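Visitor: In UniProt numbering, the protein residues as written are 1 to 325.
For glycine and all other residues, C-beta sits at the position ideal for the given N, C-alpha and C.
Just so it is clear, the structure is predicted and the values come from calculations on it, not from any experiment.
Got a structure for you, questions after.
In structure tokens form, the structure reads like this:
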């Protein structure tokens with residue numbers, strides 16, 4: 001099979017399209033013939049040598065895929081050869097054939113074509129697990145989501161809006177702000193020109209955000225804590241703004257707030273299985289009815305993975321970037 005690897009750290013040109021042995025499923029595993037696999041910010045970090053795969057995971061890049069089941073290992077129930085599926089991965093998505101634990105495989109939600117379904121697993125699982133399972137966002141509460149026009153952001157806005165929360169979203173251009181608004185954001189903030197703390201307070205009559213979904217890390221830490229409501233929950237899922245920041249514990253204590261840092265990739269299969277099951281139960285019906293939709297900026301063939309990474313790093317895209325086999 002053809003697969004994309006990064007044998008040496010570097011820029012997008014470090015990506016290599018290699019011929020690798022076809023995977024064989026073991027107990028509890030199956031193989032998917034890839035139709036679509038989305039590019040995630042974590043993939044660019046892995047390519048640069050900053051985010052290696054967990055022990056035992058494939059060196060092939062790619063944290064999600066969609067496609068058709070082509071082989072089923074022992075002890076797998078519920079899936080057959082020929083089923084159209086999508087899957088959450090620890091690695092291996094940028095390949096013509098993908099080995100995946102059966103517990104991390106999900107049906108393609110209604111109304112979504114097979115290729116586009118490759119854009120859903122990572123964002124749906126990330127948003128549902130962090131915003132709803134961990135932070136417990138409730139109807140009537142306020143979610144602040146940074147990077148609202150990205151893959152995670154577009155999903156977070158739609159899910160929170162569909163489930164009755166108020167949404168404040170940040171983005172860096174008028175075009176991206178309009179996308180956020182069209183997806184259900186009640187308030188949009190240009191982070192290049194506006195103070196998001198002040199805008200959140202204005203939008204909530206001074207209360208602040210009950211939940212903040214943050215992909216920046218250190219550079220936003222102080223302002224995020226300042227933007228929290230009493231008993232607010234800050235969930236950090238990315239470190240684009242650095243790893244070390246100063247935390248005002250006095251402010252956090254007065255607000256009875258929580259700062260939670262999470263990652264999805266390194267969790268054990270059992271935890272990912274629970275998240276996938278929750279996504280199928282709670283998110284897929286919203287996709288099927290049209291309340292939540294995948295947002296895909298563009299697609300590239302597998303051999304143009306380097307171009308896809310350049311687009312990701314230029315941050316000019318809206319929603320997801322897909323690779324196809």
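Terminal residues of the continuous alpha helix (DSSP H) containing residue 196?
Guide: Note, residue 196: alpha helix (DSSP H), 196-203.
Visitor: Could you pull the start and end residues of the beta strand (DSSP E) that residue 176 belongs to?
Guide: Note, residue 176: premise wrong, no beta strand (DSSP E); alpha helix (DSSP H) at 174-183.
Visitor: Taking the straight line between their C-alpha atoms, what separation do you get for residue 35 and residue 119?
Guide: One C-alpha to the other measures close to 11 Å.
Visitor: Residue 220: which of 229, 56 and 235 sits nearest, CA to CA?
Guide: Per the Cα distances, 235.
Visitor: Please look up how many angstroms separate the CB atoms of residue 330 and residue 157, rounded, as I've assumed it's under 8 Å.
Guide: Because the chain is modelled from 1 through 325, residue 330 falls outside the range shown and cannot be assessed.
Visitor: Rounded to whole angstroms, what is the Cα-Cα separation between residue 45 and residue 306?
Guide: Spanning the two alpha carbons is a distance of roughly 13 Å.
Visitor: According to the neighbour-count rule (16 or more other Cβ atoms, all chains shown, within 10 Å of its Cβ), is residue 61 buried or exposed?
Guide: Buried is the call here.
Visitor: Quick check: what's the CA-CA separation for residue 78 versus residue 56?
Guide: Approximately 25 Å, taken between the alpha carbons.
Visitor: Indicate whether residue 232 and residue 257 have their beta-carbon atoms separated by less than 9 Å.
Guide: Yes.
Visitor: Measure from the alpha carbon of residue 98 to the alpha carbon of each residue in 213, 17 and 31, then state which is nearest.
Guide: If we check each option's Cα against that of residue 98, 31 comes out closest.
Visitor: From this set, 268, 135 and 317, which residue's C-alpha is nearest residue 54's C-alpha?
Guide: Ranking 268, 135 and 317 by Cα distance to residue 54 puts 268 first.
Visitor: Compare the C-alpha of residue 303 against each of 94, 253 and 107 and name the closest.
Guide: Among 94, 253 and 107, the Cα nearest to that of residue 303 is on 94.
Visitor: So does the segment 102-111 actually touch the segment 244-260, counting three or more Cβ pairs closer than 8 Å?
Guide: Touching, no, given that fewer than three Cβ pairs across the two stretches are closer than 8 Å.
Visitor: In this structure, what does DSSP give as the bridge partners for residue 33?
Guide: Per DSSP, 68 and 97.
Visitor: Consult DSSP for residue 251 and reduce its assignment to one of helix, strand or coil.
Guide: In the structure shown, residue 251 sits in a helix (DSSP, three-state: H, G or I).
Visitor: Do you know offhand how far residue 135's Cα is from residue 282's?
Guide: Their Cα atoms are separated by approximately 16 Å.
Visitor: Could you give the DSSP three-state label for residue 309: helix, strand or coil?
Guide: Helix at residue 309.
Visitor: As a quick exercise: from 244, 293, 286 and 237, pick the residue whose alpha carbon is nearest that of residue 263.
Guide: Nearest of 244, 293, 286 and 237 to residue 263, Cα basis: 237.
Visitor: Ignoring anything shorter than 4 residues, give me the alpha helix (DSSP H) runs that lie fully in the segment 99-128, in order along the chain.
Guide: Entirely contained in the segment 99-128, the alpha helix (DSSP H) runs reaching 4 residues are, in chain order, 121-127.
Visitor: Whose C-beta lies closer than 6 Å to the C-beta of residue 245 among residues of the same chain, with five residues either side of it excluded?
Guide: 218 and 221, listed in sequence order.
Visitor: Under the three-state reduction of DSSP, which class applies to residue 317: helix, strand or coil?
Guide: Three-state result, residue 317: coil.
Visitor: I'd like to check one pair, residue 91 with residue 59: are the Cβ atoms closer than 9 Å?
Guide: Cβ distance < 9 Å, so residue 59 and residue 91 count as in contact.
Visitor: Nearest CA to the CA of residue 317: which residue from 210, 151 and 277?
Guide: Closest option to residue 317, Cα to Cα, is 151.
Visitor: With burial defined as no fewer than 16 other Cβ atoms inside 10 Å of the residue's Cβ, what is the status of residue 149: buried or exposed?
Guide: Counting Cβ neighbours within 10 Å, residue 149 comes out buried, since at least 16 surround it.
Visitor: Considering only residues of the same chain and omitting the five flanking positions on each side of residue 300, which have a CB-CB separation below 6 Å?
Guide: Correct list, in chain order: 307, 308 and 323.
Visitor: Which of helix, strand or coil does DSSP assign to residue 159?
Guide: Residue 159 falls in the helix class under three-state DSSP.
Visitor: Start and end of the beta strand (DSSP E) containing residue 207?
Guide: Careful: residue 207 lies outside any beta strand (DSSP E) and carries neither H nor E.
Visitor: Please report the Cβ distance between residue 164 and residue 192, rounded to the nearest whole angstrom; I am assuming they are in contact, meaning their Cβ atoms lie under 8 Å.
Guide: About 30 Å; that fails the 8 Å criterion.
Visitor: Roughly how many angstroms lie between the CA atoms of residue 310 and residue 12, to the nearest whole one?
Guide: So the alpha carbons of these two residues sit roughly 6 Å apart.
Visitor: Can you tell me which of the three DSSP states residue 298 falls into?
Guide: Three-state DSSP puts residue 298 in a strand.
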